[in-house]
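Q: Submitted below is the structure of interest, expressed as C-alpha cells.
Number of protein chains: 2
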Amino acid sequence: MKWIRFSTPARTAYGILEGEEITEVTGDPFGGYDTTRIVHRLDAVKLEVPVIPRTFYCAGINYEEHIRAEAAALGIEPVIPQKPDIGYRAVNALIAHDEPVIIPADATEQVQYEGELAVVIGRKAKHLTEAEALSCVLGYTIGNDVSERSWLKTDRTMWRAKNADTFKPMGPWIETEASLDEMETTIRLNGKPTARFRTNAMIFGVATYIAAMSRYLTLFPGDVIWMGTEGVSPNLVHGDVVEISISGIGTLRNSFLAESRIGER
Amino acid sequence: MKWIRFSTPARTAYGILEGEEITEVTGDPFGGYDTTRIVHRLDAVKLEVPVIPRTFYCAGINYEEHIRAEAAALGIEPVIPQKPDIGYRAVNALIAHDEPVIIPADATEQVQYEGELAVVIGRKAKHLTEAEALSCVLGYTIGNDVSERSWLKTDRTMWRAKNADTFKPMGPWIETEASLDEMETTIRLNGKPTARFRTNAMIFGVATYIAAMSRYLTLFPGDVIWMGTEGVSPNLVHGDVVEISISGIGTLRNSFLAESRIGER
C-alpha cells in the first residue's frame, strides 16, 4: 500500500495510491483515517513531502565504501562506527519529489547527492527489542541527503552543509509493504546510472538502530529515520536531475538549480 | 506579555498570563488567536512546553568560561568558535516546567544542567540582516540543556548525551517584552545559587545567529533557538531540583529522578 501526501488547488490531503489513481482520505495514516469517494489522477496533483517529522533522524554514515571514500576526500583515516549513534537533520530543508534543490549562491562546486532509505515510524514506541523493532514502522520512503562538502570541513556543525533550505528531498510516497532484504538502490544522474547498491547492506540495520534509539528516546508517529548512503557522488551542477530508486518503493526525482542562475531560466 | 500553554482536564490551550490569572485564547500566538472569557488560575492548570518547535536549534557553545571548563574536563584545548554555526536538539526530549528529568538507569554520575535563553520565532523569515533579525522573534523562554557528559565523549553524536527523553526542559512561558541587555541568568540547585551570569554576554548574540542562519535557512513560526550556557554544573543526583531564572522572563524548575530509583518514591 502506498500512502501519498498531495495538494490540489483546494487543499493538502493524504491519499492511497493504486496505479495512477489516488483515493483521498480524511485524517492521516498516523492518527487514523477514513477513505472518501474523491479520486484524483496522480499526474493531476502536486506531490508533497510524505510526512513532516516531529524529529528527523539520520544515521549519517552507515555503509563502508562511503565512509572510506569520504575519509579519503577529507584526508583523514576512515572511522567505521562501532555502535549505532543516530544523528539529526532539520525540517526546514525538506522538499517533495519534483521540487528543485537550490544550490546557494556561495556554495562551492562540491554539492553532492546521497541516496538513502527513509524509515517512517507509525506508532509511539520505547524500549523495543531488536526482534520487535520493525513493529513500529509504518513503511519506507526515499531521501536525498544533499551535502555541500566544503562546508562539512569548515563548519562546526552540519547546519548549512546538510540542512540549507531544499537540501533534503523526501518522497515520492510511503510504501508499507516493501521488504528490506529485497531492496536495491539505484541512483541516476541525468538518466545515466551512477550508483547501485544493496539497500540493506548497512553497517547497522533498521532494527538495530530502532532498538538502540528506543532504549533512550520515544519514537513518535511520523518520525523518520534516514539510513545513510553507499558510494560517492559526482559534483552536481545547475540543471542536473538526480533520481534515486529503491526497488519495492519507487523513485525520488529532483533537479538541481544554482541560486545564482535561476534568473536565467 | 506572557504566552502560556497549559492543560486542564478538558483540553490543552494557549493563554495570556497576567499575575496569577490565565485568559484562555482560541488559536495560538503564531497563527492568530481570539481571547475568550475563560479565565484559569495559574495554580489550577498543568503547564505544557510553551511550543513544540518545527526545528529545534541550539547554539551549543556560546560562552567563553563554559568552553574553557568543558575542554579542561575533556582534556583537550578549548576551541572558541570563530563563526555562528548553529546546532540542533530533538523534540522527543522536551518536557515542561515542573515535569521531572529522568536520569537513565545506565547513565554515569556526570548528569549536569545548562541554563539557557531560548528564543521563540514568531514569523517566517529568510535573508534578515543583523539589524532586522530580532523582528522575527516573538519572545523568550528558558531551556535546560541537560547533558550526560560521559556519553558526549563516547558517542559519535549527541543523541543520548543531550537528547534522551526528558533531557530538554523548556518553559515556563514565552515573555514577549523582555530586554536582552537587562537579562541576568541565575541557576539554583536545591534552592542555593550555583551560577549567575549576564545572559547576553554571548560569543555570538541572538541577532548575529539569526542573521547568519537566515542566509541559508527559513525560520518558521514556533522554531526555537537555545543560546548556550555559561559556567559549569555540579553532577546532579536523584532528588535534586534545578531552577533556572532569567530576569524579565521567569523561572524554569525541574526535579531530577533516577530511573533506577523511581520505584522508591
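In order, the protein sequence lines correspond to chains A and B. For the first sequence, my numbering assigns the number 3 to the initial residue and increments by one for each residue that follows. For the second sequence, my numbering assigns the number 3 to the initial residue and increments by one for each residue that follows. Beta carbons: idealized from backbone N, C-alpha and C, even for Gly.
#1: Is it the case that the Cβ atoms of I69(B) and I78(B) are separated by a distance below 8 Å?
#2: Under 8 Å, do P174(B) and H99(B) count as touching if we go by C-beta distance?
#3: Quick one: grab the DSSP three-state call for R267(A).
#4: What are the start and end residues of the alpha helix (DSSP H) that includes K194(B)?
#5: Reducing DSSP to helix, strand and coil, say where N237(B) ends up.
#6: Count Cβ pairs between the segment 22 to 39 of chain A and the segment 193 to 201 of chain A that sit closer than 8 Å; are there 3 or more?
#7: Does the beta-carbon distance from K126(B) to P55(B) come in below 8 Å?
#8: Note down the Cα distance separating H4(A) from G250(A), rounded to an integer number of angstroms.
#9: Could you give the uninterrupted runs of the beta strand (DSSP E) lying entirely in the segment 36 to 93 of chain A, keeping only those of 3 residues or more?
#10: DSSP on I105(A), reduced to helix/strand/coil?
#11: Applying the 10 Å Cβ sphere with the 16-neighbour rule, what's the burial state of A75(B)?
#12: Is there at least one Cβ from chain B nearer than 8 Å to R125(A)'s Cβ?
#13: Can you tell me whether P11(A) is buried or exposed, with buried defined as 16 or more other CB within 10 angstroms of its CB?
#14: Please check if any C-beta of chain A sits within less than 8 Å of the C-beta of G33(B).
#15: What in chain A is Cβ-close to Y65(B), meaning under 9 Å?
#16: On the premise that R91(B) lies in contact with F58(B), defined as a C-beta separation below 8 Å, what is that separation, rounded to the nearest angstrom?
#17: Could you tell me if K270(B) is buried or exposed, where buried requires 16 or more neighbouring beta carbons within 10 angstroms of its beta carbon?
#18: Three-state secondary structure (DSSP) at S257(B)?
#19: Does the contact criterion of 3 or more C-beta pairs under 8 Å hold for the segment 206 to 222 of chain A versus the segment 143 to 157 of chain A?
#20: Going by beta-carbon coordinates alone, are E245(B) and P106(B) separated by less than 8 Å?
#21: Any beta-carbon of chain A closer than 8 Å to the one on Y142(B)?
#22: What residue from Q84(A), M204(A), V51(A) and D108(A) has the CA that sits closest to E101(A)'s CA?
#23: Is the number of C-beta pairs between the segment 225 to 232 of chain B and the segment 150 to 169 of chain B that are closer than 8 Å three or more?
#24: Where T187(A) and G145(A) are concerned, what is the direct C-alpha to C-alpha distance, given to the nearest angstrom?
#25: Over the uninterrupted beta strand (DSSP E) stretch that includes K170(B), give me the two end residues.
#26: Ends of the beta strand (DSSP E) at V244(B)?
#27: What residue range does the alpha helix (DSSP H) around V208(B) cover?
#28: N165(A) touches chain B at which residues, Cβ-Cβ below 7 Å?
#29: DSSP on L182(A), reduced to helix/strand/coil?
#30: What are the residues that DSSP puts in a beta bridge with I277(B)?
#31: Near L96(B), what residues of its chain come up, given a Cβ to Cβ distance below 6 Å and the 5 sequence neighbours on each side ignored?
#32: Name, going along the chain, the residues of the segment 90 to 122 of chain B whose beta-carbon falls closer than 8 Å to a beta-carbon of chain A.
#33: Here's the rule: buried if 16 or more other CB atoms are within 10 angstroms of the residue's CB, otherwise exposed. What is Q84(B)?
#34: Give me the chain A residues within the contact set of R1(B), using Cβ-Cβ distance strictly less than 7 Å, ordered along the chain.
#35: Under the rule that 16 or more other beta-carbon atoms within 10 Å means buried, what is V81(A), buried or exposed?
#36: Below 9 Å on C-beta distance, what does P83(B) contact in chain A?
A: Working from what's here:
#1: Here residue 69(B) refers to the residue found at position 67 of the second sequence. Here residue 78(B) refers to the residue found at position 76 of the second sequence. No, the pair does not count as a contact, with Cβ atoms beyond the cut-off.
#2: As a first step, residue 174(B) must be located in the second sequence, where it is residue number 172. As a first step, residue 99(B) must be located in the second sequence, where it is residue number 97. Cβ distance < 8 Å, so P174(B) and H99(B) count as in contact.
#3: Numbered from 1 along the first sequence, position 265 holds the residue referred to as residue 267(A). Unreliable placement is indicated for R267(A), whose pLDDT of 47 sits below 50; the coordinate value is still reported in the next sentence. Coil.
#4: Within the second sequence, residue 194(B) is the residue found at index 192, counting from 1. Bounds of any alpha helix (DSSP H) do not take in K194(B); it lies within the beta strand (DSSP E) bounded by K194 to R200.
#5: The residue you call residue 237(B) lines up with position 235 of the second sequence. DSSP places N237(B) in coil when its eight states are reduced to three.
#6: no
#7: In the second sequence, counting from the first residue as 1, residue 126(B) sits at position 124. In the second sequence, counting from the first residue as 1, residue 55(B) sits at position 53. Not in contact: K126(B) and P55(B) (Cβ atoms no closer than 8 Å).
#8: Locating residue 4(A) in the first sequence gives position 2, counting from the first residue. Locating residue 250(A) in the first sequence gives position 248, counting from the first residue. Inspection of the sequence shows that residue 4(A) is occupied by Lys rather than by His. Taking the straight line from one Cα to the other gives about 11 Å.
#9: 58 to 60
#10: By one-based count along the first sequence, residue 105(A) stands at place 103. Secondary structure at I105(A): strand, using DSSP grouped into helix, strand and coil.
#11: Within the second sequence, numbered from 1, the residue matching residue 75(B) stands at position 73. Flag for A75(B) reads exposed.
#12: One-based indexing of the first sequence puts residue 125(A) at position 123. The Cβ of R125(A) sits no closer than 8 Å to any Cβ of chain B.
#13: In the first sequence, residue 11(A) corresponds to position 9, counting from 1. The residue in question, P11(A), is exposed, as its Cβ has fewer than 16 Cβ neighbours within 10 Å.
#14: Within the second sequence, the letter at position 31 stands for residue 33(B). For G33(B), not one C-beta of chain A is nearer than 8 Å to its own C-beta.
#15: As a working note, residue 65(B) is residue 63 in the second sequence. What Y65(B) touches in chain A: nothing, since even the nearest Cβ is about 15 Å away.
#16: Translated into the one-based positions of the second sequence, residue 58(B) becomes position 56. Translated into the one-based positions of the second sequence, residue 91(B) becomes position 89. That pair is a contact at about 5 Å.
#17: Missing from the structure shown is residue 270(B); chain B here goes from 3 to 267 and no further.
#18: Here the question's residue 257(B) lines up with position 255 in the second sequence. Strand at S257(B).
#19: no
#20: Stepping through the second sequence from its first residue, residue 245(B) is reached at position 243. Stepping through the second sequence from its first residue, residue 106(B) is reached at position 104. Taking 8 Å as the Cβ cut-off, E245(B) and P106(B) do not qualify as a contacting pair.
#21: Locating residue 142(B) in the second sequence gives position 140, counting from the first residue. Answer no: the Cβ-Cβ gap between Y142(B) and chain A never drops below 8 Å.
#22: Along the first sequence, read from residue 1 onward, the residue named residue 101(A) stands at position 99. Per the Cα distances, V51(A).
#23: no
#24: Residue mapping note: residue 187(A) aligns to position 185 of the first sequence, counting from 1. Residue mapping note: residue 145(A) aligns to position 143 of the first sequence, counting from 1. About 11 Å.
#25: Within the second sequence, the letter at position 168 stands for residue 170(B). Residues K170 to E177.
#26: Counting from one through the second sequence, the residue named residue 244(B) turns up at place 242. Start and end: V243 to I248.
#27: Taking the second sequence and counting its residues from 1, the one referred to as residue 208(B) is at position 206. V208 to Y218 is the extent of the alpha helix (DSSP H) around V208(B).
#28: Within the first sequence, the letter at position 163 stands for residue 165(A). In chain order: L219.
#29: Counting from 1 along the first sequence, the entry for residue 182(A) is found at position 180. Note: L182(A) maps to helix in three-state DSSP.
#30: Any property of residue 277(B) remains undetermined from this structure, which presents chain B solely from 3 to 267.
#31: Here residue 96(B) refers to the residue found at position 94 when the second sequence is read from its first residue. Cβ within range, chain order: V51, K170 and M172.
#32: Y90, A92, V93, N94, A95 and P106
#33: Working through the second sequence from its first residue, we reach residue 84(B) at position 82. Q84(B) comes out exposed.
#34: Nothing can be reported for residue 1(B), as the shown portion of chain B is limited to 3 through 267.
#35: Counted from its first residue, the first sequence places residue 81(A) at position 79. Counting Cβ neighbours within 10 Å, V81(A) comes out exposed, since fewer than 16 surround it.
#36: Counting from 1 along the second sequence, the entry for residue 83(B) is found at position 81. Those within 9 Å of P83(B) in chain A are R158.
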